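For reference, the structure discussed in these notes is given below.
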Amino acid sequence: MIETYFGANLLSSFPAFISALIIGIAFGWCLEQAGFGSSRRLSGIFYFRDMAVLKVMFSAVITAALGLLILFNLGLISPESIYFPETFWGAQIIGGLLFGVGFVIGGWCPGTAAVGAVSGKFDALIFLFGAGLGSMAFSESFDMIKPYYLMGASGVRFVYDDLGLPVGQFALLLTLVAIAAFWISELIETKFDFALAAQRSKGLWVFSLAILIVASGISVLPARSVMGTATTALSGLPEVYEAISRAEDHIEPVDLARELVAGKSKIICVDVRTLEEYHEWHIPGARHFPLESVAAGLNKYKNYDRIVLYSNGTVHPAQMWVVLRLKGFRNVFVLADGLKGLFETVLKPAVLRTEALSQAQQREIEQWRSYFLSSGQTVGSAAMPDFSGVMNKAKNWSLSPLVDVEWLESNLDRVRIIDTRPQPEYNSGHIDGAISLNIENLRGNVGGMPSMLLPPEMIAKVLSLAGIRPDDKIVIVDDKIRNATLLAAALNKVGHAELTILNGGFNAWRAAAKPVSRSLRSLPTSDYQPVEGADAFIIDTEELYEKALAKKVRIVDARPSEQYSGQEVTEARGGHIPWALNRPVTQDLMAVNESEFRPAEELKNDYIALLGTDSNGNDEIVANCRTGHSASQAWYVMNRILGYKNVRLYDGSWTIWAADERLPVEK
Amino acid sequence: MQENKINSYMNPYLAGFLLGLTLLASFVVLGTGLGASSGLARISAWCGLCVSPDHFLKSEYFGAWGENPTGYYLFYMLIGVAIGGFLSALSSSRISIETERGNSFGAWSRLWLALSGGVIVGFASRLARGCTSGQALTGTALLLSGSIVFLLCVFAGGYLAAYFVRRQWHD
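Going down the list, the sequences are from chains Y and C. Using the numbering used here, read the first sequence as starting at 41 and increasing by one per residue. Using the numbering used here, read the second sequence as starting at 674 and increasing by one per residue.
This is how it looks when you write it as structure tokens:
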């Protein structure tokens with residue numbers, strides 16, 4: 041018995057690719073020899089000029105069909121080793137009609153155009169380009185086309201079954217039709233000159249006779265109508281399509297996690313990945329079967345509530361789903377988005393999630409993680425195995441811009457708290473483990489300009505001494521939110537990836553009666569290196585002047601309105617940078633606790649009204665105030681909380697602008 | 674001259690017989706028939722991924738082929754077709770750079786028709802899950818109902834449209 045690559049499920053292997061290449065070479069050679077490297081010759085059939093297409097195609101079809109029936113009958117190859125494409129009446133009728141129109145307009149079909157193109161036919165090359173575009177157009181409009189693509193789905197259907205004939209008799213009938221078609225073609229080409237036709241086609245006598253003998257032989261053989269066996273195996277297909285359309289084919293990772301943790305349903309998970317991957321890590325309780333014995337292995341689970349197939353993605357489980365459905369399994373489901381989806385939506389730690397989570401949600405995630413990840417499997421030192429870079433994404437995850445007391449309390453052991461309050465407030469009571477950092481250590485005179493954030497190297501040095509590391513997830517705790525945002529700006533200047541602010545500050549922690557500590561933790565110093573170019577969000581006076589002059593930026597002035605208008609003069613001159621908009625920082629905060637931001641939704645509406653654009657806009661926005669302190673808060677609100685992409689911080693602010701007599705001032 | 678040129682092609686029945694043997698070999702070795710449009714669509718998907726990977730990986734049709742759409746046997750078969758066609762044309766001295774058309778028909782008009790025909794054929798072969806190779810030739814040899822209907826519809830569509838584009842072959 042011959043085993044094909046399809047039968048062995050090796051069609052995507054290297055040897056199969058090489059075989060396909062060689063068969064392709066023979067295919068291309070035959071097409072060219074037949075003269076199909078010429079669009080004129082191909083089109084001939086549609087004008088009854090040159091019937092070569094019909095002759096060659098029909099000869100090939102009869103040869104292959106009879107040859108295959110012989111091989112089946114001799115038992116040399118099994119129909120299970122052959123891929124029989126399914127019939128979709130609607131798709132094939134519409135597709136066929138369209139194809140015929142395109143064929144006659146373009147003068148080529150895909151295979152012959154490939155041959156034509158390498159024979160130097162320019163029109164063939166253009167045709168191929170068009171066909172590529174057409175394929176893409178199909179993919180792009182697939183949403184719309186899908187009903188037609190699936191129209192008339194009927195599984196594998198054989199024409200002799202539809203006609204009610206034994207396969208052998210149908211083969212003989214087809215052969216007779218072919219012979220008749222050949223002779224009619226010859227007569228058409230000779231304009232019904234019988235003598236000329238007979239003289240021209242000596243080879244045809246031999247060929248006609250040969251196929252007639254073979255076909256007759258097949259038709260009288262005992263009807264081992266082996267092609268028919270495939271029909272019964274695949275007759276369940278329409279039902280399968282229906283199941284897909286009713287979305288009864290998959291289960292979301294979150295639903296699976298809930299059902300598994302609840303433990304009420306009978307669920308068996310089947311790992312469709314390689315055995316090595318299975319041994320490395322699998323869903324607790326999952327089974328792994330060799331491909332050929334999956335159906336047999338799963339038989340005892342037929343009465344389970346769910347059989348869930350999973351892999352890294354969904355392609356292999358989807359294929360197996362179809363096989364199992366056809367074998368009569370009604371309870372099979374594919375894990376949507378595979379393990380990638382599971383890791384993203386179920387197993388991602390709460391601390392790494394950007395969305396706001398309630399305590400209940402966090403507890404559920406913890407439950408899931410302990411169910412899936414603490415089953416005693418050896419998965420190396422990491423808590424999770426590395427699946428095709430799923431975990432590497434962690435670098436791009438960032439904490440939400442603000443966290444609340446509950447979140448902080450349940451994540452205490454995962455974060456590094458920095459307390460910006462001065463003495464004696466810090467020493468007399470702080471959140472356990474919080475380290476003290478006075479923001480004035482991060483500012484100073486830079487190039488004659490007072491109260492500027494220090495250069496990145498110096499900020500990094502301060503962080504190193506405090507024992508802060510680049511991969512720390514920092515939560516800033518303050519008693520004045522401007523101090524927290526200024527620290528955030530300093531951290532941003534060295535490119536720190538993960539930071540957030542406790543909304544409400546230490547006051548909120550104390551008000552919630554959470555535990556307070558007075559002890560100091562010793563912490564080894566670190567070697568903090570600033571990220572190259574991370575300080576580009578700081579804008580200097582010169583750049584701001586040029587952009588303001590060209591009206592290329594929106595400037596948000598965070599000072600009180602008296603200073604903005606010039607009624608109150610605190611620096612060299614009174615007033616504001618021309619075209620600046622006024623938004624006093626206090627308006628961002630709750631009246632009762634000035635360490636607490638107003639709800640993001642309110643802030644969002646305020647800033648849309650102020651700037652005339654929401655966070656989807658790409659306009660450059662500059663935050664400025666008196667010394668750059670309040671401006672850091674405006675920067676944090678616009679950039680982190682509201683998500684405006686292009687927000688810069690004018691660190692020098694009014695102190696520097698007002699002192700430079702050359703710069704314009706507006707009152 | 675014209676007569677000579679046609680005669681220099683292989684006897685169509687012999688060519689058909691050899692093509693049939695090739696198809697049979699494909700069944701026996703690969704377990705599948707011949708195909709061309711699928712390889713072309715894979716190349717199209719590959720181009721799409723080069724331009725906008727996110728978009729095409731998310732699309733339901735091309736996206737299903739993953740990040741490496743050309744890792745597919747029919748892509749290699751199409752490359753083979755080009756090689757085989759080239760070797761054959763070379764050995765029979767039939768390579769000539771030209772835009773094939775009737776003498777009284779403009780080259781640009783012919784190319785426009787080739788392009789439009791190509792787009793329609795590319796689209797239609799995705800809809801029907803195959804072209805003249807994968808459906809008409811392979812499917813008919815397997816005696817599949819849908820493929821035979823496809824073949825009949827191709828000719829129906831072709832004969833319906835033939836009249837309107839006949840001028841491209843007028844000498």
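The beta carbon of each residue, even a glycine, is placed where N, CA and C say it ideally should be. Predicted model, so just to flag it, every value in this text is computed and none were measured.
Going by the beta-carbon positions, is the gap between residue i and residue j smaller than 7 Å?
i	j	result
Leu131/Y	Trp148/Y	For clarity, residue 131/Y is Ala in the given sequence; the question names Leu instead. No; because the gap between Cβ atoms is not below 7 Å, this pair is not in contact.
Ile63/Y	Ile756/C	no
Asp472/Y	Ser562/Y	no
Ser735/Y	Tyr745/C	With chain Y represented from 41 up to 707, any question about residue 735/Y goes unanswered, as that position is not in the structure.
Ile457/Y	Val391/Y	no
Gly170/Y	Val792/C	yes
Gly790/C	His843/C	no
Thr813/C	Phe67/Y	no
Leu707/C	Ser820/C	no
Gly75/Y	Ala92/Y	yes
Leu212/Y	Ala255/Y	yes
Pro293/Y	Val386/Y	yes
Cys70/Y	Leu691/C	yes
Ile291/Y	Phe198/Y	no
Glu480/Y	Pro618/Y	no
For the beta strand (DSSP E) containing residue i, name the first residue and the last one.
i	result
Ser504/Y	Here Ser504/Y belongs to no beta strand (DSSP E); instead the alpha helix (DSSP H) covers 496-506.
Ile717/Y	The first residue shown for chain Y is 41 and the last is 707, placing residue 717/Y beyond what the model contains.
Ile347/Y	346-350
Phe373/Y	372-375
Asp201/Y	Per DSSP, Asp201/Y belongs to no beta strand (DSSP E); it is in the alpha helix (DSSP H), 199-203.
Ile541/Y	539-542
Asp311/Y	307-311
Val593/Y	593-597
Gly484/Y	483-486
I'd like to know whether the C-beta of residue i is nearer than 7 Å to at least one C-beta of chain C.
i	result
Arg403/Y	no
Val158/Y	yes
Phe46/Y	yes
Leu108/Y	yes
Ser259/Y	no
Arg313/Y	no
Phe57/Y	yes
Along the chain, where does the alpha helix (DSSP H) containing residue i start, and where does it finish?
i	result
Thr215/Y	207-229
Pro324/Y	Unbroken run through Pro324/Y: none, as it is neither H nor E.
Cys723/C	710-724
Ile42/Y	Premise fails: Ile42/Y is in no alpha helix (DSSP H) and is neither H nor E.
Ile251/Y	242-260
Arg81/Y	79-83
Ile405/Y	399-413
So is residue i in contact with chain Y if we call contact Cβ pairs under 7 Å?
i	result
Leu730/C	no
Gly753/C	yes
Ser725/C	no
Gly721/C	yes
Phe823/C	yes
Tyr749/C	yes
Ser710/C	yes
Tyr686/C	yes
Phe735/C	yes
Ser782/C	no
Phe759/C	yes
Thr813/C	yes
Thr743/C	no
How close, in whole Å, do the beta carbons of residue i and residue j come, if the pair is a contact with beta carbons under 8 Å?
i	j	result
Gly146/Y	Phe796/C	At roughly 12 Å, the Cβ-Cβ gap does not stay under 8 Å, so Gly146/Y and Phe796/C are not in contact.
Val96/Y	Ala688/C	5 Å
Ala598/Y	Ala506/Y	28 Å between Cβ atoms; not a contact.
Val662/Y	Val593/Y	5 Å
Tyr690/Y	Ile579/Y	5 Å
Gln73/Y	Ser761/C	5 Å
Arg767/C	Gly151/Y	Between Gly151/Y and Arg767/C the Cβ distance is about 17 Å, and since that is not below 8 Å, they are no contact.
Arg613/Y	Ala698/Y	4 Å
What residues from chain D crowd round residue i, counting only those whose CB sits closer than 8 Å?
i	result
Thr772/C	You won't find chain D in this structure, because its protein chains are Y and C.
Next on the checklist: If the cut-off is 8 Å on Cβ atoms, which residues from the segment 118-144 of chain Y count as contacting chain C, listed in chain order?
Outcome noted: Within the segment 118-144 of chain Y, the residues whose Cβ lies closer than 8 Å to some Cβ of chain C are Ser121, Ile122, Tyr123, Phe124, Pro125, Glu126, Thr127, Phe128, Trp129, Ala131, Gln132, Ile133, Ile134, Gly135, Gly136, Leu137, Leu138, Phe139, Gly140, Val141, Gly142, Phe143, Val144, listed in chain order.
Checklist entry - Residues in the segment 61-72 of chain Y with C-beta within 7 Å of chain C's C-beta atoms, listed in sequence order? => result From the segment 61-72 of chain Y, only Leu61, Ile62, Ile63, Gly64, Ile65, Ala66, Phe67, Gly68, Trp69, Cys70, Leu71, Glu72 have a Cβ closer than 7 Å to chain C.
Checklist entry - Quick one, which residues of the segment 689-716 of chain C are near chain Y if we go by CB-CB under 7 Å, in chain order? => result Gly689, Phe690, Leu691, Leu692, Gly693, Leu694, Thr695, Leu696, Leu697, Ala698, Ser699, Phe700, Val701, Val702, Leu703, Gly704, Thr705, Leu707, Ala709, Ser710, Leu713, Ala714, Ile716
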